[in-house]
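These notes concern the structure reproduced below.
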Amino acid sequence: MYPIILLSVFGVVTLFLGFSKSKNILLPSTLLFLAIALGSNFVDWGKGPFLYFYDMLRVDNLTLAFNGIVLISAFMIVAISGGFQDNADAEPAEYYGLMLFSLVGAIMMIGFDHLIMLFIGVEILSVAMYVLTGSNKRNLRSNEAALKYFLMGAFATGFMLFGMTLLYGATGSFQLVAIQGFTSNMSAASQSYIFYAGLLLLLIGMLFKVSAAPFHFWTPDVYEGAPTIFTTFMSTIVKTAGFAALFRLLNHTFAIYNFWWIVIAAIAVLTLLVGNIGATSQNSFKRMLAYSGISHAGYLLIALTALSKPTQNAIIFYSLAYSLSTIAAFGVLMLVSKEKTIEGQPNERYEAFNGLAKQNPLLAFVLAVSMLSLAGIPLTAGFWGKFFIFTSAAERGIMWITVIAVLMSTVGIYYYFRVIISSYFREGDTVKIRVAPFYQIILVLATFLTILFGLAPGIFEKLI
1100 MYPIILLSVF
1110 GVVTLFLGFS
1120 KSKNILLPST
1130 LLFLAIALGS
1140 NFVDWGKGPF
1150 LYFYDMLRVD
1160 NLTLAFNGIV
1170 LISAFMIVAI
1180 SGGFQDNADA
1190 EPAEYYGLML
1200 FSLVGAIMMI
1210 GFDHLIMLFI
1220 GVEILSVAMY
1230 VLTGSNKRNL
1240 RSNEAALKYF
1250 LMGAFATGFM
1260 LFGMTLLYGA
1270 TGSFQLVAIQ
1280 GFTSNMSAAS
1290 QSYIFYAGLL
1300 LLLIGMLFKV
1310 SAAPFHFWTP
1320 DVYEGAPTIF
1330 TTFMSTIVKT
1340 AGFAALFRLL
1350 NHTFAIYNFW
1360 WIVIAAIAVL
1370 TLLVGNIGAT
1380 SQNSFKRMLA
1390 YSGISHAGYL
1400 LIALTALSKP
1410 TQNAIIFYSL
1420 AYSLSTIAAF
1430 GVLMLVSKEK
1440 TIEGQPNERY
1450 EAFNGLAKQN
1460 PLLAFVLAVS
1470 MLSLAGIPLT
1480 AGFWGKFFIF
1490 TSAAERGIMW
1500 ITVIAVLMST
1510 VGIYYYFRVI
1520 ISSYFREGDT
1530 VKIRVAPFYQ
1540 IILVLATFLT
1550 ILFGLAPGIF
1560 EKLI
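In this text, residue positions in the sequence shown follow our numbering: the first is 1100, and each later residue adds one.
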């Protein structure tokens, strides 16, 4: 509740700060706003649950945990944006304002207890991301990405709204509690068919947001075309909010688990296949991370398929581990691609990392740890994230999907290790890359937390 109010006010304040003579105040002020919002998020920890806005928004420990991941991720992403000082055409006040507003939408998605609140959250988040994707107006790739994202997002929203309409027609309510009660006492066959159709359409809209196959086609082009800092935002915060919303929705329809689990399981397998196999053929590191994001959506869908007691902690831990590694990877990419350009554009191909370890050992180490974590190698947070998800699936008795996921993880090792090999074992025209102190602190912090949670995952469990 408090972060929603604060971020809304701070977003407006940030826009007004854009009229100041110096733009240098925008970065520290935005970081301060995010720190205040993060602190206010945990005021209600252990006190809930509370319901706000006519019982449309629920605040409990689950909501606060996901909010914390989203706000921490946003803080780290803003910190490595550098205030957009290297771009004369940038409008940092607009960018930071939209990022703060999009966080309001993400928090609404995480804590919704009413389908209208879910829709409002999705739209606030999505509209901001459409604009930020096309923020590099002089770049045709950015314009194309924004148009694709907007058009396909509009179609997905249509499916989602139609699904909500059918759910309301079947249950007579938008409240999750009422929907849960309806699923526990389904009797009329006609109402059941309407409900099933509505749930499937709503899931299609939500699965589009998290880049699950076969609703993933926008992802590689949008990730590649958008400015890298906003790609980072999209791949972490949007995905975390989307899966938090999916978990809350499916948890309230658990009474019809036998209906939807096979749908989610099939989509999870397809997502794993598309993401991992698609990533192996990429030459662009940025597009590889796009397909990587698709594959990680598949792993999180396995957790939803195996909805059980350990699932909640597994999704929270995996979301944090994935966000930390992704932010570190994109952070290194932004530094390296800026130093090595092709026809005036940042070089985002694998060869840009050739010989990185010789002149920039810290950046190479940060990149290596992030790749190892995304691959699920032991002693990193990513390993335990996958372990918890596979364990929850095994406890549910869905061993076949666990076997497929493990096989796809071995495929992932191939394309993640390509980057490490380029950095450490290939010669390249490398230069010493100057890294701002605060930027360096963020990269080191993300790497440290990835290793810490890899060595002692129990620390995180005690925190939540």
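Note that beta-carbon positions come from the ideal geometry of N, C-alpha and C, so glycine has one too.
Which listed residue (Val-1169, Val-1111, Ser-1119) has its alpha carbon closest to that of Gly-1138:
Val-1169
Mapping DSSP to helix, strand and coil, what is Ile-1441?
strand
Suppose only complete runs of 3+ residues qualify. What are the beta strand (DSSP E) ranges in the region 1136-1189, listed by chain order?
1149-1151, 1156-1158
Looking at the secondary structure, which residues open and close the alpha helix (DSSP H) in which Asn-1284 lies?
Asn-1284 -> no alpha helix (DSSP H), and no H or E assigned at all.
Alpha carbon to alpha carbon, how far is Phe-1358 from Ile-1171? Give it in angstroms, no decimals.
36 Å
How would you write the range of the alpha helix (DSSP H) that Gln-1539 sits in, first residue to last?
1536-1554
Between Phe-1294, Gly-1220, Ser-1283, which has its C-alpha nearest Gly-1271's C-alpha?
Phe-1294
Straight-line CA distance for Ala-1396 to Lys-1120?
43 Å
In whole angstroms, give me the CA-to-CA distance for Pro-1148 and Phe-1254.
34 Å
Going by DSSP, name the residue or residues bridged to Gln-1274.
His-1213
Taking the CB atoms as reference points, tell me whether Ala-1205 and Val-1321 lie closer together than 7 Å.
no
Presumed contact (8 Å Cβ cut-off) between Ala-1474 and Ile-1512, rounded CB distance:
5 Å
Span of the alpha helix (DSSP H) holding Ala-1493?
1480-1495
The alpha helix (DSSP H) that contains Tyr-1514, what's its start and end?
1498-1524
Are at least three pairs of beta-carbons, each pair with one atom in the region 1402-1412 and one in the region 1361-1381, less than 8 Å apart?
yes
Does DSSP put Ser-1383 in a helix, in a strand, or in coil?
strand
So what's Arg-1533 in DSSP terms, helix, strand or just coil?
coil
Let me check one thing: in DSSP terms, what residues is Arg-1448 bridge-paired to?
Ser-1383
Threshold first: 3 residues or longer. Then list the beta strand (DSSP E) segments lying entirely within the region 1313-1339, N to C.
none
Work out the CA separation of Arg-1533 and Gln-1458 for me, nearest whole Å.
11 Å
Which whole-angstrom value describes the C-beta separation of Met-1198 and Ile-1223, a residue pair presumed to lie in contact below a C-beta threshold of 8 Å?
So it is not a contact: roughly 12 Å between Cβ atoms.
What do you get for Asp-1188, buried or exposed, if any count of 16 or more other CB atoms within 10 angstroms of its CB means buried?
exposed
Specify the secondary structure class of Ser-1119 as computed by DSSP and reduced to three states.
coil
Do you know offhand how far Gly-1110's Cα is from Ala-1136's?
12 Å
Going by C-alpha distance, which of Leu-1265, Leu-1105, Leu-1554, Asn-1284 is nearest Trp-1483?
Leu-1554
Kindly indicate which residue of Leu-1214, Phe-1429, Lys-1439, Phe-1346 has the alpha-carbon position closest to the one of Met-1333.
Phe-1429
Would you check if there are 3 or more beta carbon pairs closer than 8 Å linking the region 1226-1244 to the region 1265-1280?
no
Measuring CA to CA, which of Leu-1126, Val-1142, Phe-1452 is closest to Arg-1517?
Phe-1452
Quick check on Ala-1192: buried or exposed, where buried means 16 or more other Cβ atoms within 10 Å of its Cβ?
buried
CB Ser-1241 to CB Gly-1181, shorter than 7 Å?
no
Is the region 1488-1495 touching the region 1533-1550 in the sense that three or more CB pairs, one from each, lie closer than 8 Å?
no
Quick check on DSSP: helix, strand or coil for Asn-1459?
coil
Closest by CA to Phe-1307, which one among Leu-1400, Leu-1266, Val-1431?
Leu-1400
Measure the alpha-carbon distance for Ile-1550 versus Glu-1438 and round it to whole angstroms.
28 Å
If I measure Cβ to Cβ from Gly-1117 and keep anything under 6 Å in the same chain, skipping five residues before and after, which residues do I get?
Ala-1192
Contact check, Asn-1123 vs Asn-1140 under 8 Å by CB: the rounded distance?
With 8 Å as the limit, Asn-1123 and Asn-1140 do not qualify as a contact, their Cβ atoms being about 27 Å apart.
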